[in-house]
Amino acid sequence: MTKPAHSAGPDGTTVVIGEPKATGTLELYEDLRCPPCAQFEQTIGDTVIEDIKAGRYKARFTMGTFLDESMGGSGSHNALSALGAALDVSPQAFLDYKRALYDERNHPQEGADSFASDAYLLKVAGQVPALGSNSEFQGHVRAGTFDAWAKKMSAAFDASGVPSTPTIKLNGQDLTTDGVNRPATAPEFTKAVDEQL
Numbered sequence: 059m060t061k062p063a064h065s066a067g068p069d070g071t072t073v074v075i076g077e078p079k080a081t082g083t084l085e086l087y088e089d090l091r092c093p094p095c096a097q098f099e100q101t102i103g104d105t106v107i108e109d110i111k112a113g114r115y116k117a118r119f120t121m122g123t124f125l126d127e128s129m130g131g132s133g134s135h136n137a138l139s140a141l142g143a144a145l146d147v148s149p150q151a152f153l154d155y156k157r158a159l160y161d162e163r164n165h166p167q168e169g170a171d172s173f174a175s176d177a178y179l180l181k182v183a184g185q186v187p188a189l190g191s192n193s194e195f196q197g198h199v200r201a202g203t204f205d206a207w208a209k210k211m212s213a214a215f216d217a218s219g220v221p222s223t224p225t226i227k228l229n230g231q232d233l234t235t236d237g238v239n240r241p242a243t244a245p246e247f248t249k250a251v252d253e254q255l
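Per this note's numbering, the very first residue in the sequence shown carries number 59; after that it's consecutive.
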């Protein structure tokens, strides 16, 4: 099995991005076909990246593929494999590509399986400077270099037991606005982080 560079753990399923000395750890559990995950990225993703850069916390990403099983198709797994190829380029490419996949211009409706197409994934990658003309990245996507890794990552997601996506935790505790609901806006997110850090 080929593990992406910039991953850790026996199977490479530990993906942590940010300042190692940051005391907080934001954990994000997502499925790339998940519309609420796309909504979270579109509304709060910039804030997460700014916080990572500022050293407020580091972020750990655990990605699942359960929508392939429940909806049919292979888009979650195929997109996760491509995201592994982006991680192999750099942590920043991982963040930028994840952002592009979730962008409202690119993200399919939940029942659609656009991400099953390598050509579609590469088209989206064209919006990411580090990936658009990166022949090594493109080769990994077409060859499915990180397909086995994506299965291991999905197994790690399943083992986490999170009930839904996106699930956001800060230092092991669910990040919520009221003890139940996750933040829906950037100000709500920042307030919840401030209260838990």
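Glycine is no exception: its CB is placed at the ideal position from the N, C-alpha and C atoms.
Validate contact between the region 76-93 and the region 104-124 using beta carbons, cut 8 Å, 3 pairs = In short, these stretches touch, since the Cβ pair count reaches three.
Taking 6 Å as the limit between beta carbons, can you name the residues of its chain near Asn136, skipping five residues before and five after?
Hits under 6 Å: Phe173 and Ala174.
*Would you call the region 99-107 and the region 59-70 in contact, with 3 or more CB pairs under 8 Å?*
no
Checklist line | First through last residue of the beta strand (DSSP E) which encompasses Thr83 | finding: In the DSSP assignment, Thr83 falls within the unbroken beta strand (DSSP E) covering Gly82 to Asp89.
* Contact check, Ala96 vs His165 under 8 Å by CB: the rounded distance? -> 4 Å
Count the other CB atoms, across all protein chains shown, that sit within 10 Å of the CB of Asp154; report buried if there are 16 or more and exposed otherwise. buried
If you run the structure through DSSP and keep just helix, strand and coil, what is Arg114?
coil
Using DSSP with H/G/I as helix, E/B as strand and the rest coil, what is Asp171?
-> Reduced to three states, the DSSP call for Asp171 is coil.
### Task
Give me the Cβ distance between Tyr87 and Ser218, rounded to the nearest whole Å; I'm assuming they're in contact under 8 Å.
6 Å
In chain order, what residues of the same chain have a beta carbon less than 7 Å from the beta carbon of Gly82, not counting five sequence neighbours either side?
-> Arg114, Tyr115, Leu228, Asn229 and Leu255
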